[in-house]
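*Asks:* In this note's numbering, the protein residues as written are 94 to 232. The beta carbon of each residue, even a glycine, is placed where N, CA and C say it ideally should be. Take this structure, written in structure tokens, and hold onto it; I'll ask about it next.
If you want it as structure tokens, here you go:
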């Protein structure tokens, strides 16, 4: 049976969220970040948003109830870039190489990568908001 690209995105997003094995509170924090990423991409640019995620993921600050951990930013960066690698829109593995590759891309390919990221985030933010992939707590 053939699956559509939208189905592939959905399956990938769900698989990646489940693979994070997050507690409910951590999933809520990630969901909040994912919810805002499409607007951030459209307002600030795709490459700039990935650079922002990378920079925030490298910060070592303590987490309060209203702050996200650096892991949220790392997880969001990884989610997007793994999907782009799977779609063969980027080839680099290391973050610096990914950003350099995006900066050197021809505009049509860059826009295709951005559109794929936005489409993936639609699924990921909905799944995360629904708590899909939350680690089961056993008594």
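Could you please give the first and the last residue of the uninterrupted alpha helix (DSSP H) stretch that includes residue 114?
*Replies:* Sequence index remark: in the chain shown, residue 114 carries index 21 (1-based). Where residue 114 is concerned, there is no enclosing alpha helix (DSSP H), given that its DSSP letter is neither H nor E.
*Asks:* To the nearest whole angstrom, what separates the beta carbons of residue 177 and residue 206, a pair I think is in contact under 8 Å?
*Replies:* As a working mapping, residue 177 is identified with position 84 in the chain shown. As a working mapping, residue 206 is identified with position 113 in the chain shown. That pair is a contact at about 5 Å.
*Asks:* What's the gap between the Cα of residue 212 and the Cα of residue 102?
*Replies:* One-based indexing of the chain shown puts residue 212 at position 119. One-based indexing of the chain shown puts residue 102 at position 9. Going by the C-alpha atoms only, they are around 8 Å apart.
*Asks:* Between 210, 166 and 125, which has its C-alpha nearest residue 180's C-alpha?
*Replies:* In the chain shown, residue 180 corresponds to position 87, counting from 1. Residue 180 has its Cα closest to that of 210, out of 210, 166 and 125.
*Asks:* With residue 225 and residue 188 assumed to form a contact (beta carbons below 8 Å), what rounded beta-carbon distance in angstroms separates them?
*Replies:* For the purposes of this step, residue 225 is taken as residue 132 along the chain shown, with counting starting at 1. For the purposes of this step, residue 188 is taken as residue 95 along the chain shown, with counting starting at 1. In fact, because the Cβ distance is near 27 Å, the residues do not count as touching under 8 Å.
*Asks:* Select from 96, 95 and 107 the residue whose C-alpha is nearest the C-alpha of residue 215.
*Replies:* As a first step, residue 215 is located in the chain shown; it is residue number 122 there, counting from the start. Nearest option by C-alpha distance: 107.
*Asks:* Quick check on the burial criterion: 16 or more other C-beta atoms within 10 angstroms. Buried or exposed for residue 116?
*Replies:* Locating residue 116 in the chain shown gives position 23, counting from the first residue. By the 10 Å Cβ count, residue 116 comes out exposed.
*Asks:* Roughly how many angstroms lie between the CA atoms of residue 95 and residue 104, to the nearest whole one?
*Replies:* Locating residue 95 in the chain shown gives position 2, counting from the first residue. Locating residue 104 in the chain shown gives position 11, counting from the first residue. Going by the C-alpha atoms only, they are around 13 Å apart.
*Asks:* Along the chain, where does the alpha helix (DSSP H) containing residue 183 start, and where does it finish?
*Replies:* Taking the chain shown and counting its residues from 1, one reaches residue 183 at position 90. That residue, residue 183, is in no alpha helix (DSSP H); it is neither H nor E in DSSP.
*Asks:* Taking the CB atoms as reference points, tell me whether residue 221 and residue 136 lie closer together than 8 Å.
*Replies:* By one-based count along the chain shown, residue 221 stands at place 128. By one-based count along the chain shown, residue 136 stands at place 43. No, the Cβ-Cβ distance between residue 221 and residue 136 is not below 8 Å.
*Asks:* CB-CB under 7 Å to residue 228, same chain, minus the five flanking residues each way: which ones, in chain order?
*Replies:* The residue given as residue 228 occupies position 135 in the chain shown. Excluding positions up to five away in sequence, the list reads 114, 115 and 116.
*Asks:* Within its chain, find whatever has a CB closer than 8 Å to the CB of residue 170; leave out the 5 residues flanking it on each side and keep chain order.
*Replies:* On the chain shown, position 77 is the one that residue 170 refers to. The residues are 143, 146, 147, 150 and 188.
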